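Reviewing the structure listed below.
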Amino acid sequence: MTSRIDAWASGDSKMSDSEASRAEVEAAHHADNRRRAAYVVAACAIGADEFRILADMLGLDDADITAARGERPAKSRRRTAA
Numbered sequence: 130m131t132s133r134i135d136a137w138a139s140g141d142s143k144m145s146d147s148e149a150s151r152a153e154v155e156a157a158h159h160a161d162n163r164r165r166a167a168y169v170v171a172a173c174a175i176g177a178d179e180f181r182i183l184a185d186m187l188g189l190d191d192a193d194i195t196a197a198r199g200e201r202p203a204k205s206r207r208r209t210a211a
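Position 56 of the sequence shown, counting from 1, maps to 185 under our numbering, and the rest follow consecutively.
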């Protein structure tokens, strides 16, 4: 199978439908992982300075941080005994 890099290197800019579909799914998967990483860093950092340092170490950019800011995980409901 020809990777996107091999296709670009050979001058052939056409990708098959399956390769294009796979690339879209991989991009969505990586974006989701980056968003989740930004959320975890925000939850674990002590302050804004530490958050920025950790985010920079992971290569998270403003788009990743903004995406994480817009979504919060569902709170678990604890049942209390009656």
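Heads up, the beta-carbon is just placed ideally off N, CA and C, and yes, glycines get one too. Computed from a predicted model, the values in this text were never measured in an experiment.
Determine the contact status of VAL169 and PHE180, defining contact as a CB-CB distance below 8 Å. no
Can you tell me the Cα-Cα spacing of MET144 and ALA177, whole angstroms? 43 Å
Could you tell me the alpha carbon to alpha carbon distance between LEU187 and SER147, rounded to whole angstroms? 30 Å
So, for ALA167: in the same chain, excluding its five sequence neighbours on each side, which residues have a beta-carbon less than 6 Å away from its beta-carbon? LEU189, ASP193, ILE194 and ALA197
Just verifying my parser: in three-state terms, what is the DSSP assignment at ILE175? coil
Is ALA184 buried or exposed, if buried means 16 or more other CB atoms sit within 10 Å of its CB? buried
What separation, rounded to the nearest whole angstrom, lies between the Cα atoms of ILE182 and CYS173? 12 Å
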